[in-house]
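Some notes on the structure that comes next.
Residue numbers (the numbering used here): -10 to 631.
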């Protein structure tokens, strides 16, 4: 930065002393000028005035006294003297030029908020569920609009970051801010700041506007992101907004099972509360909750779509509505017809019958109507699930195999158990594997999938070496020199077929405690009944569909999409299935947690960018100086001096 002091020192110590005396005598000048000593250039006005006062020696002429009398009548000498200056435009122009030059050399400035000087700015706005308390979102929008620079990127912080606009001017950024709406989701401030770092240049600025209730990330994590960005020259401000009323009570957890559902309600207040819980509008329980306590209620899992609501008697102690409601999606009570095709007269005592089919009927709202057929006598195939196990190959007629295949293609499910002479049967494309050979035994390699989660499958013997058909999904493999599929799931038309290549009597899997659970999940899949964990989601999740379909949203709007973004709690209905979305977050419901977060991350919360910084007016004064010089030249030209 070029300064005036070296130039002043060249004129000697006396001038420096005068400069120091000037600054000490007029300390207020330093509050408006970066080089206040340059104001001394106004001393140039002294010779300027002297030049204008100097006049050529007048020639003596005879003037009639009467004319002189009339000329000076009623006019003082002082007024006449001043009028000569005021009536001379060139004098006024040159006077202004000298003053502007002196002030410009002193480098004038004004103090403004640091925000007003920002250029490249990223504004991160928290839109999570906790921001629905009181008027927090209104506060956030006002702060966001005040934080804008010349170019702006707006990012929403919910369960994942979402870029609204990128590198736009103030007008477009303000419109984007006005359109912001809260979501019924958790808060991940860490991911939002990481995303912001991708959109801000060095010496740019990032504003995080939030109540600082972070229900996903660790406060220490986004503190470290802030420090990291500041080390790169990026200014980061945390704008904390707070609700006056941080009292709340809400549903914070729900576990939905085939038979029962448990619902957890938390009282975040330092006061005992009475909370009424309703199922589909009917009172099911009244909870007398102590301060800062959690109560769990267990109900029978209702079939179909259901709504759980809680009601706090004193509304002053419940300042967040979104966690007062939870939704359940479960299959309707229904029947499924199962046909077991076998020549084993003891099939009713097998694991398939007792450990699987009977347990499903007893523990879910699905009623299985089981029919057993002994080839060659097989009824008309109109069943939802067909199980083929221990059949005599010569009695299993090709016509019935064709019927089974056609039924599966129309949406039914089929399970084919391995047996020694299974591959002698012509399944006409129903069987999803082809025979290759045989091995004595092998360890089982589990293929990770929702169906095989947490299973310990052990080893199998004997092992039939097979090759799976195209589009099939192996669930378990035999650990051989060339791994061979043992359990294979394959689509067939609108339905699915499972090949089960384990001999239960001689394999380890039958003794695994999760063996019945595996079969329960398989049968639900083959019957195209969704798992309850699939049907019931948390807000903030995204459901990817294989193709675009019509989806009814919680606000009753219709959308045709292959991506369901669960931003809002409620029911999302598709032609085949309905999904529920619930907040269920104790940290997000604890809207008073921002005080704890502020304590954890220290002074970085509340830095709002409101500090005053100098803004130089040098450019404006230079333009004024050049303009005044141009006016002087035009005036002199107009007057005819050149």
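The beta-carbon is built from N, C-alpha and C at its ideal position, and this holds for glycine as well.
Just so we're clear, the structure is a prediction, and the values are computed from it rather than from any experiment.
Would you mind giving the Cβ-Cβ distance between residue i and residue j, rounded to the nearest angstrom? I have them listed as a contact below 8 angstroms.
{"i": "residue 465", "j": "residue 476", "result": "4 angstroms"}
{"i": "residue 109", "j": "residue 138", "result": "6 angstroms"}
{"i": "residue 150", "j": "residue 184", "result": "4 angstroms"}
{"i": "residue 263", "j": "residue 275", "result": "7 angstroms"}
On the three-state DSSP scale, how would you describe residue i?
{"i": "residue 173", "result": "coil"}
{"i": "residue 408", "result": "coil"}
{"i": "residue 625", "result": "helix"}
{"i": "residue 197", "result": "strand"}
{"i": "residue 78", "result": "helix"}
{"i": "residue 331", "result": "coil"}
{"i": "residue 246", "result": "coil"}
{"i": "residue 313", "result": "helix"}
{"i": "residue 616", "result": "helix"}
{"i": "residue 36", "result": "helix"}
{"i": "residue 370", "result": "coil"}
{"i": "residue 163", "result": "helix"}
{"i": "residue 184", "result": "helix"}
{"i": "residue 191", "result": "coil"}
{"i": "residue 594", "result": "Summary for residue 594: the model assigns pLDDT 45, below 50, so the residue's position carries little reliability; its value from the coordinates is reported in the next sentence. Strand."}
{"i": "residue 219", "result": "helix"}
{"i": "residue 210", "result": "helix"}
{"i": "residue 458", "result": "coil"}
{"i": "residue 93", "result": "helix"}
{"i": "residue 423", "result": "strand"}
{"i": "residue 474", "result": "strand"}
{"i": "residue 228", "result": "strand"}
{"i": "residue 360", "result": "strand"}
{"i": "residue 289", "result": "strand"}
{"i": "residue 59", "result": "Model confidence at residue 59 stands at a pLDDT of 49, short of 50, so the residue's coordinates are unreliable; what they give is reported in the following sentence. In the structure shown, residue 59 sits in a helix (DSSP, three-state: H, G or I)."}
{"i": "residue 383", "result": "helix"}
Compare the Cα-Cα distances from residue i to each of the options and report the closest residue.
{"i": "residue 487", "options": "274, 507, 222", "result": "507"}
{"i": "residue 254", "options": "196, 314, 534", "result": "314"}
{"i": "residue 445", "options": "499, 161, 409, 407", "result": "499"}
{"i": "residue 248", "options": "533, 521, 529, 570", "result": "521"}
{"i": "residue 556", "options": "442, 571, 123", "result": "571"}
{"i": "residue 424", "options": "407, 146, 565, 543", "result": "407"}
{"i": "residue 643", "options": "455, 483, 450", "result": "The question about residue 643 has no answer, for the chain in this structure spans -10 to 631."}
{"i": "residue 155", "options": "559, 374, 147, 143", "result": "143"}
{"i": "residue 441", "options": "510, 494, 388", "result": "510"}
{"i": "residue 380", "options": "410, 398, 396", "result": "410"}
{"i": "residue 433", "options": "551, 471, 552, 172", "result": "471"}
{"i": "residue 165", "options": "558, 211, 112", "result": "112"}
{"i": "residue 396", "options": "405, 245, 413, 369", "result": "369"}
{"i": "residue 371", "options": "560, 327, 145", "result": "327"}
{"i": "residue 650", "options": "575, 574, 529, 545", "result": "One cannot answer for residue 650 here, as it falls past the ends of the chain, which runs -10 to 631."}
{"i": "residue 412", "options": "296, 490, 437", "result": "490"}
{"i": "residue 125", "options": "235, 210, 97", "result": "235"}
{"i": "residue 170", "options": "114, 613, 312", "result": "114"}
{"i": "residue 301", "options": "293, 384, 267", "result": "267"}
{"i": "residue 324", "options": "374, 617, 297", "result": "374"}
{"i": "residue 573", "options": "377, 459, 181, 526", "result": "526"}
{"i": "residue 404", "options": "495, 211, 479", "result": "479"}
{"i": "residue 272", "options": "256, 297, 462", "result": "297"}
{"i": "residue 481", "options": "495, 240, 401, 426", "result": "401"}
{"i": "residue 336", "options": "579, 376, 309", "result": "376"}
{"i": "residue 260", "options": "223, 459, 304", "result": "304"}
Using 8 angstroms as the cut-off, classify the Cβ of residue i as near or not near the heavy atoms of the ligand SAM, replying yes or no.
{"i": "residue 497", "result": "The ligand SAM is not part of the structure shown, which contains no ligands of any sort."}
For residue i, decide whether its Cβ has a neighbour in chain C, counting only Cβ atoms nearer than 9 angstroms.
{"i": "residue 618", "result": "Included in the structure is just one protein chain, with no chain C present."}
If contact is defined by three or more beta carbon pairs under 8 angstroms, each pair taking one atom from either stretch, is the region 387 to 395 in contact with the region 497 to 517? No contact exists between the region 497 to 517 and the region 387 to 395.
Could you pull out every unbroken beta strand (DSSP E) segment of at least 3 residues lying fully inside the region 496 to 581, listed in chain order? With a minimum length of 3 residues, the unbroken runs of beta strand (DSSP E) contained wholly in the region 496 to 581 fall at 525 to 527, 531 to 541, 547 to 554, 559 to 562, 567 to 571.
Would you list, in sequence order, the uninterrupted beta strand (DSSP E) runs of no fewer than 3 residues that lie entirely inside the region 113 to 154? DSSP runs (the beta strand (DSSP E)) wholly in the region 113 to 154: 140 to 146.
Assess, as a yes-or-no matter, whether the region 509 to 521 is touched by the region 532 to 551 under the definition of 3 or more beta carbon pairs within less than 8 angstroms. By the C-beta criterion, the region 532 to 551 is judged not to be in contact with the region 509 to 521, since fewer than 3 inter-stretch pairs fall below 8 angstroms.
Three or more C-beta pairs below 8 angstroms linking the region 188 to 208 and the region 158 to 171: The region 188 to 208, when compared against the region 158 to 171, does not touch it at the 8 angstroms Cβ threshold.
Touch test, the region 329 to 338 against the region 274 to 288, Cβ-Cβ under 8 angstroms, three pairs minimum: Fewer than three Cβ pairs drawn from the region 329 to 338 and the region 274 to 288 lie within less than 8 angstroms of each other, which leaves the two stretches out of contact.
The region 88 to 95 / the region 197 to 213 touching (three or more Cβ pairs under 8 angstroms): The region 88 to 95 vs the region 197 to 213: no contact.
Mind the definition here: the region 165 to 179 touches the region 115 to 135 only if three or more C-beta pairs lie below 8 angstroms; say whether that holds. A contact exists between the region 165 to 179 and the region 115 to 135.
Under 8 angstroms, with one C-beta from each stretch per pair, do the region 127 to 147 and the region 219 to 233 reach the 3-pair mark? By the criterion of at least three beta-carbon pairs nearer than 8 angstroms, the region 127 to 147 is in contact with the region 219 to 233.
Segment contact, 8 angstroms Cβ cut-off, at least three pairs: the region 524 to 533 with the region 413 to 423: Between the region 524 to 533 and the region 413 to 423 there are fewer than three inter-stretch CB-CB distances shorter than 8 angstroms, so the stretches are not counted as touching.
Taking contact to mean at least 3 C-beta pairs separated by less than 8 angstroms, is the region 357 to 364 in contact with the region 288 to 295? No, they do not touch.
Evaluate contact between the region 362 to 381 and the region 304 to 319, counting only Cβ atoms and requiring at least three cross-stretch pairs below 8 angstroms. Not touching, per the Cβ criterion.
Write down every uninterrupted run of the beta strand (DSSP E) in the region 249 to 276 whose length is 3 residues or greater and which is fully enclosed by it, in chain order. Counting only runs of 3+ residues, the beta strand (DSSP E) found wholly inside the region 249 to 276 occupies 249 to 256, 262 to 268, in chain order.
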